[in-house]
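If you're matching positions, the sequence shown starts at 8 in my numbering and goes up one per residue.
Note that beta-carbon positions come from the ideal geometry of N, C-alpha and C, so glycine has one too.
One structure below.
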Amino acid sequence: MKGFDEMNKELKAIIFDLDGVITDTAEHHFIAWKQLAEELGIAIDRTFNEQLKGVSRMESLERILALGGQADRYTTEEKEALAYKKNEHYKQLIARMTPDDILPGILDLLRELKRNHIKIGLASASKNAFTVIERLQIGEYFDTIVDAANVKHSKPHPEIFLTAAEQLSVHPSMCVGVEDAQAGVAAMKAAHMFAIGVGDREALKEADYIVETTKDLTYDAIVRAFYRE
Ligand code: BG6
Ligand code: MG
Numbered sequence: 008m009k010g011f012d013e014m015n016k017e018l019k020a021i022i023f024d025l026d027g028v029i030t031d032t033a034e035h036h037f038i039a040w041k042q043l044a045e046e047l048g049i050a051i052d053r054t055f056n057e058q059l060k061g062v063s064r065m066e067s068l069e070r071i072l073a074l075g076g077q078a079d080r081y082t083t084e085e086k087e088a089l090a091y092k093k094n095e096h097y098k099q100l101i102a103r104m105t106p107d108d109i110l111p112g113i114l115d116l117l118r119e120l121k122r123n124h125i126k127i128g129l130a131s132a133s134k135n136a137f138t139v140i141e142r143l144q145i146g147e148y149f150d151t152i153v154d155a156a157n158v159k160h161s162k163p164h165p166e167i168f169l170t171a172a173e174q175l176s177v178h179p180s181m182c183v184g185v186e187d188a189q190a191g192v193a194a195m196k197a198a199h200m201f202a203i204g205v206g207d208r209e210a211l212k213e214a215d216y217i218v219e220t221t222k223d224l225t226y227d228a229i230v231r232a233f234y235r236e
């Protein structure tokens with residue numbers, strides 16, 4: 008006997024993470040955190056940075072401070088000031104972005120999804136998500152945008168993906184999620200969505216399907232992977 012999900016298996020929506028999937032702001036976040044960490048005498052590298060991807064601003068700061076053995080060094084107000092400083096640097100970096108900063112293949116994919124009447128959602132942990140989408144001039148493609156302001160729990164909690172699915176009126180089993188972060192892949196799996204990881208195979212090994220770059224994220228490849236599952 009097939010279960011509900013198998014009988015009704017149909018791809019109806021794709022929910023994208025933003026930073027590191029639609030555009031390379033994951034790199035801007037890394038640059039801004041690295042600078043702040045250096046000022047605090049803490050060295051962070053790309054391997055450690057995998058643990059910051061998809062994670063909220065304050066949680067990222069906590070992880071950096073813990074790495075440097077400084078977890079108890081600052082008051083809440085001081086930590087807020089540090090996070091504010093990082094964000095000011097990050098805002099400077101994204102202020103220069105243009106539609107040319109959309110990652111390869113993404114615009115074609117968004118167009119192809121529209122042509123095939125697949126709903127499109129965005130699930131971003133960033134409070135800067137709307138600014139980035141505006142800079143890239145792709146707001147029109149999204150049927151819903153859920154950002155850090157709309158949810159209580161951070162990834163890896165499934166709330167952000169479940170909220171996006173609900174707003175699209177699509178059952179999670181009929182949604183595909185796309186993420187570049189370990190925490191994001193965990194969130195999509197916890198939401199019972201088909202999880203696509205973009206980037207490092209080792210870091211994203213929990214995903215149902217992995218592509219190394221967004222160039223490989225074509226509509227055909229996604230459809231094939233989804234129905235093969
Ligand atoms: C996520 C990024 O999308 O947003 C994280 O992957 C980032 O690196 C988080 O820390 C929060 O972003 P912001 O813009 O609110 O500081
Ligand atoms: Mg990301």
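L224 has its Cβ no nearer than 8 Å to any heavy atom of the ligand MG. A33 has its Cβ nearer than 8 Å to a heavy atom of the ligand MG. Going by beta carbons, Y97 and A39 fall inside the 9 Å limit.
For L25 and E46, the gap between their C-alpha atoms comes out near 28 Å.
Residue range K126 to A130 is occupied by the beta strand (DSSP E) that includes K126.
Excluding its 5 nearest sequence neighbours in each direction, A33 has C-beta neighbours in its own chain below 7 Å: D26, G27, K60 and D187, listed in chain order.
In the three-state reduction of the DSSP assignment, A33 falls in the helix class, which pools H, G and I.
Burial state of N135 is buried, judged by a 10 Å Cβ sphere holding 16 or more other Cβ atoms.
In the DSSP assignment, Y216 forms a beta bridge with I203.
Remark: the C-beta of V28 is in contact range of the ligand MG, defined as less than 8 Å to any heavy atom.
Taking a contact as a CB-CB distance under 8 Å, the pair T170 and V153 counts as one, their CB atoms being some 5 Å apart.
By the C-beta density criterion, H36 is buried, having at least 16 other C-beta atoms within 10 angstroms.
Taking all protein chains in view, the Cβ of R142 is crowded by 16 or more other Cβ atoms within 10 Å, so the residue is classified as buried. Taking a C-beta distance under 9 Å as the contact criterion, P106 and I145 qualify as a contact pair. As computed with DSSP, G184 is found in a beta bridge with I22 and A202.
DSSP places I152 inside the beta strand (DSSP E), whose first and last residues are T151 to V153. Looking only at L43, I113 and I22, the smallest Cα-Cα distance to D31 is reached by I113.
The beta-bridge partner set that DSSP reports for I109 consists of T30. Under a 10 Å Cβ-count criterion, E84 is classified as exposed, with fewer than 16 other Cβ atoms of the shown protein chains found around its own Cβ.
Around the Cβ of T221, a 10 Å sphere holds 16 or more other Cβ atoms; the residue is buried.
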